[in-house]
Each structure stands twice: as C-alpha cells, then as structure tokens.
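Visitor: So for the sequence shown, my numbering puts the first residue at 2; every next one is plus one.
Dropping a structure here in structure tokens format, bear with me for questions.
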Amino acid sequence: MKKYILVPDSFKGTISSRRVCEIIKEELLAADPTAQVIALPVADGGEGTVEAFLSAMEGAGASAERVECRVQGPFGAPADSFWGLVRPGSSDEQLTAVIEMAACAGLPMARQLGEPNPEKTTTYGVGQLIRQALDQECQKIVVGLGGSATNDGGCGAAAALGARFLDEFENEFVPTGGTLKNIARVDLSGMDPRLQKTEIVAMCDVENPLCGANGAAAVFGPQKGADPEMVRRLDEGLAHLAEVWQKEAAATNLNAAAVQMRPPAKNAAADGNVAAACENAAADLTAMPGSGAAGGMGFGLCAFLGAKLEPGIEVVLDLTGFDRLAKGADWIITGEGSFDHQSLQGKVISGVGKRGRKLRIPLLVVAGRWGRDVTTEDLRRFGIRRVFVTNKRRLPMEKVRLRAEQDLREAVQELIVYIERRERL
C-alpha cells in the first residue's frame, strides 16, 4: 500500500489549499483505492489560515474547531470574527489557538467597510482574539501575519491585552497608524499576566524590517491605500514607536516587564545590566527580519507579547507532527500557484523539501506556473523529483480561474503516470 503526504499551499486567486488537497486525494484514490493519503493543507498566515490549519490538524488526527465571536473590526466597530481551537491528540501536547489577522483586521474586511486607510485601522481585535484564547486556557497561540489593513505596529493588540499608551499630557489612547507619533510613554504593568506562561508564535513569511525603504509602510502601505505622503507619515510613526519603546525598555520602571514580556538580546544581560539588555533587544527588534510584517505587527507581537517569528510552513509542519506522519511515506506532494525562486526562500515548497530530504522521501511539485529562475540544481537541493504544471497554455488569470480545478486534475493524472512508470523501472 502506497502512502502519500499532501502539503500544498493555496493556488492564489484560484483554489484554496484545502481544495487542492481534496482534488489530489480524489485522483490518487481513483488510481489506487488502497493508497493511504494524509492531507495537510497550508496557508501563508493570511485569509484562510484558520481553515487550512483546522483541516491540517484534522488530517493529523487532532480535534479542531472554529470558534465564532465578536471583536473590534479594522475601524474599531464591532464585527463578526473567528479563531481556531486545536485540542491535543495526546496528554503531552498543548491546547493551541490559531488566529489570522485577516479575520478582524484584514484588507478585504476593510474594503467591505469603506476605503482602506492604514492611518485609521487597528489591530485591537487581534488582541481580543488572543484574550479569548487565553480564556480558553490555550498554552500556545499561533497568529498569522498576512492580509492586514493595519500599520499600527501591533499597538492595538497590545492595548486589548492591557498595555497603556499615553500622550504627552498622560492621556491614555489606543494608537493607530496615524497616531503613533502621539505616543509619549508606554506602560506594560497591566499586561495580562497569562501571556508570560503562553507560547506565542507569529507566522511570518516576509523579512522586512520595521522602518525604512524596505519597511512596513514603504513596502506594504500602498497595497493598503497609502499614497506617498501617507507612506512617509506611517514610516515616521513606526520609527517614533520604536524610539519610544527603546527608551521605555531601558527605563528602570519597565525593566522587569520588558525582560519578562520579550526575549532579551543574546548575552546582553550577562553582567547583570538589565537596562542594557532591554535597550539592545529593542534595537534588535526594529531591524529584525519580519518586524515590519503586517504593518509592524511582527515588531509589536515580539515587543509587547514576547512572541517569536517563524516561517509559516515551519509552524504548520511542527504543529501537525509532520515528521511523525511522514514516516514510511512513499511520496510527498506539495505545490502552489507560482513556483519560482521566491518559493525556495522560506516558503512552503522549500520548507517541505528540507523536511523531505531529511526523511529521505522524494518530493513532487504541482504548480500553476514554473518560473525560469528555478534551476535544476535548485530542484536537486530540495529533493524535488519532478514539477507538474497546471497552466501549460499560459492563459491569463481570468481564464485560469474558469478551468483551474480541471487543469489541476490533469496535472495530478500526469503525476500518477510518472509514479507508475518509476515503480516499473
């Protein structure tokens, strides 16, 4: 009996990762009804992350459910939202929450409510979702950083969890992208103490720093409705937040909170100089790859909640117990809409490829298109035996959508023929 592990990303704009798994599984079982097929759909942290995670965890044998709720939406008004609750399959596993920013602070939601404006949007609802997960006694919280409409540096989420942001007159307020410049002081003394006992992981597939030419505002601001002048203001606001945070992290009255709520710089406190440790760690966070993700949410989760940033695919593979599930597998099948050199930079295909090579399981890729910048050496490096392209006719996206599922089926049928030929050799 052959064993297959399916770990595809979505084919953006056409097929969700969950549906990709369904189609591949249907074709594999049609060719061999005795085959064992384990489906672990993947998402990149944006819209659809919770759905993909719940499906993947169910495929891994865990109990998972979607939790409906009401929180603040991107403009602060009450909105319907949701998050995922994953119950452990064994006593030594953690009760885990999966949250996607897009469920309450996403760009599609902001567009439905009016013109997107990253100077006015907030991540407060994300903090409310995290608080709900804490109320359910989750020991681990995974937050998907993708598809956001915000640029508040995670201040909204921190405020929902007890952080206080004060202006020069000591008036408390919840900062948005447009009011970060008004922060004079940050008080973390009221942060939810349960955060200290909770592992928080941010799914992050970008490497942008917080500020500057490659920062959150400059790179992602225009996608959220920011014109060049607004981009400048947003970037200045994030730089101001970082400056205030750096000063406050080194201040005596915040030393304990800073050390507890975020990871200190390596070896910085070896001589007992806690203030220096906090200051160095704050500086590290602003330049840290991924700190600019989701309008600075990468920075905010690390600075205020002590989170760690990890590539989305690594989070999925670890949480589903991929290495255990893949033991004895004959083939791993992955894929995405566009397979190019970026796919090999910490994305799904590269992550799956590395695990597959470690486990000595051959990898097959199904993709909408195959970029010319992927070399034969790249394929060898990630253990990829063959790539099967769905959009062979190079059709425009509007036509691809009409036949995406049929093209995927045909590509999988070619994949099956390839496997059968290999087995006859």
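All C-beta atoms in this analysis are idealised placements derived from N, C-alpha and C, irrespective of residue type, glycine included.
Output needed for Asp-188: all residues of its chain with C-beta closer than 6 Å, excluding positions within five of it in sequence on either side, in chain order.
Guide: Excluding residues within five positions, the ones whose Cβ falls inside 6 Å are Arg-165.
Visitor: Pairs of beta-carbons, one from the region 142 to 160 and one from the region 196 to 209, closer than 8 Å: are there three or more?
Guide: A contact exists between the region 142 to 160 and the region 196 to 209.
Visitor: Excluding the five sequence neighbours on either side, which residues of its own chain have a C-beta within less than 6 Å of the C-beta of Ala-412, listed in chain order?
Guide: If we look at Ala-412 and ignore the five residues flanking it on each side, its Cβ neighbours are Val-367, Phe-389 and Thr-391.
Visitor: What residue from Asp-153, Arg-88 and Phe-12 has the CA that sits closest to Leu-302's CA?
Guide: Among Asp-153, Arg-88 and Phe-12, the Cα nearest to that of Leu-302 belongs to Asp-153.
Visitor: In angstroms, rounded to a whole number, what distance separates the CA positions of Lys-198 and Met-298?
Guide: C-alpha separation (whole angstroms): 21 Å.
Visitor: Report the residue from Val-72, Leu-55, Gln-73 and Gly-74 whose alpha carbon sits nearest the alpha carbon of Ala-65.
Guide: For the residues Val-72, Leu-55, Gln-73 and Gly-74, the minimum Cα distance to Ala-65 belongs to Leu-55.
Visitor: At which residues does the beta strand (DSSP E) containing Gln-37 begin and terminate?
Guide: From DSSP, the beta strand (DSSP E) with Gln-37 extends over 37 to 40.
Visitor: What number of angstroms, rounded off, separates the C-alpha of Thr-97 from the C-alpha of Ile-131?
Guide: When rounded, the distance between both Cα atoms is 11 Å.
Visitor: Three or more C-beta pairs under 8 Å: does that hold for the region 319 to 330 against the region 2 to 9?
Guide: The answer is yes - the region 2 to 9 touches the region 319 to 330, with three or more Cβ pairs under 8 Å.
Visitor: State the Cα-Cα distance for the pair Ala-276 and Leu-320, rounded to the nearest angstrom.
Guide: Confidence at Ala-276 is low in this model, with a pLDDT of 42, below 50, so its placement is unreliable and no value can be given for it.
Visitor: Measure the Cβ-Cβ separation of Ala-218 and Asp-236 and say whether it is below 8 Å.
Guide: Contact flag set, yes.
Visitor: Assign Lys-348 to one of two classes, buried (16 or more other C-beta atoms within 10 Å of its C-beta) or exposed (fewer than that).
Guide: Lys-348 should be labelled buried.
Visitor: Grab me the residues of Leu-364's own chain with a C-beta within less than 6 Å of its C-beta, minus the 5 sequence neighbours each way, in chain order.
Guide: So the qualifying residues of the chain are Ile-333, Gly-354, Gly-357, Gly-384 and Ile-385.
Visitor: Specify whether the region 175 to 185 and the region 13 to 21 touch according to this definition: at least 3 beta carbon pairs, one from each stretch, less than 8 Å apart.
Guide: Counting Cβ pairs under 8 Å, fewer than three are found: no touch.
Visitor: Could you name the residues of the same chain whose beta carbon sits closer than 6 Å to that of Glu-101, not counting the 5 residues immediately before and after it, in chain order?
Guide: Contacts found: Thr-50, Val-51 and Gly-145.
Visitor: Please name the residue in Asp-45, Thr-335 and Val-127 whose C-alpha comes closest to that of Phe-83.
Guide: The shortest Cα separation from Phe-83 among Asp-45, Thr-335 and Val-127 belongs to Val-127.
Visitor: Report all residues from its chain with a CB closer than 7 Å to the CB of Gly-322; omit the five preceding and five following residues, and keep chain order.
Guide: Cβ within range, chain order: Ala-61.
Visitor: Compute the distance between the beta-carbons of Ala-80 and Val-72, then report whether it is under 8 Å.
Guide: Yes.
Visitor: From this set, Tyr-419, Ile-201, Asp-341 and Gly-338, which residue's C-alpha is nearest Leu-306's C-alpha?
Guide: Cα-wise, what sits closest to Leu-306 is Ile-201.
Visitor: Use the C-beta contact count for Gln-113: other C-beta atoms within 10 angstroms, 16 or more gives buried, fewer gives exposed.
Guide: Under this definition Gln-113 is an exposed residue.
Visitor: Is it buried or exposed, Ala-243, if we count other Cβ atoms within 10 angstroms and call 16 or more buried?
Guide: When all chains shown are included, Ala-243 counts as buried.
Visitor: Taking DSSP as the reference, what is the three-state secondary structure of Thr-177?
Guide: Thr-177 falls in the coil class under three-state DSSP.
Visitor: Name the DSSP beta bridge partners of Met-204, please?
Guide: Per DSSP, Gly-145 and Glu-311.
Visitor: From Gly-216 to Ala-294, what distance separates their C-alpha atoms?
Guide: Roughly 8 Å between the two C-alpha positions.
Visitor: Shortest alpha-carbon distance to Leu-29 belongs to which of Leu-416, Pro-89 and Thr-123?
Guide: The shortest Cα separation from Leu-29 among Leu-416, Pro-89 and Thr-123 belongs to Leu-416.
Visitor: When the Cα atoms are used, what is the spatial distance from Gly-85 to Leu-41?
Guide: Going by the C-alpha atoms only, they are around 16 Å apart.
Visitor: Using the Cα positions of Thr-122 and Ala-103, report the straight-line distance between them to the nearest angstrom.
Guide: Taking the straight line from one Cα to the other gives about 12 Å.
Visitor: Going by beta-carbon coordinates alone, are Leu-196 and Leu-162 separated by less than 8 Å?
Guide: Yes, they are a contact pair.
Visitor: In terms of residues, what are the limits of the beta strand (DSSP E) holding Gln-73?
Guide: Taken as a continuous stretch (DSSP letters only), the beta strand (DSSP E) holding Gln-73 covers 64 to 73.
Visitor: Leaving out five residues before and five after Arg-410 in sequence, what residues of the same chain have Cβ atoms less than 7 Å from its Cβ?
Guide: Counting only Cβ-Cβ distances below 7 Å, and skipping sequence neighbours, we find Ile-24 and Glu-28.
Visitor: Could you tell me whether the Cβ atoms of Ala-158 and Thr-124 are closer together than 8 Å?
Guide: The answer is yes: Cβ separation under 8 Å.
Visitor: Just to confirm before moving on: does the CB-CB distance between Ser-149 and Gly-291 stay below 8 Å?
Guide: Contact: no.
Visitor: Report, in whole angstroms, the separation of the C-beta atoms of Ile-16 and Leu-326, which I expect to be a contact under 8 Å.
Guide: Contact flag wrong, Cβ pair sits at about 23 Å.
Visitor: Report the residue from Leu-108, Asn-209 and Phe-76 whose alpha carbon sits nearest the alpha carbon of Pro-176.
Guide: It is Phe-76.
Visitor: Sort out for me which residues DSSP pairs Lys-4 with in a bridge.
Guide: Lys-4 pairs with Gln-37.
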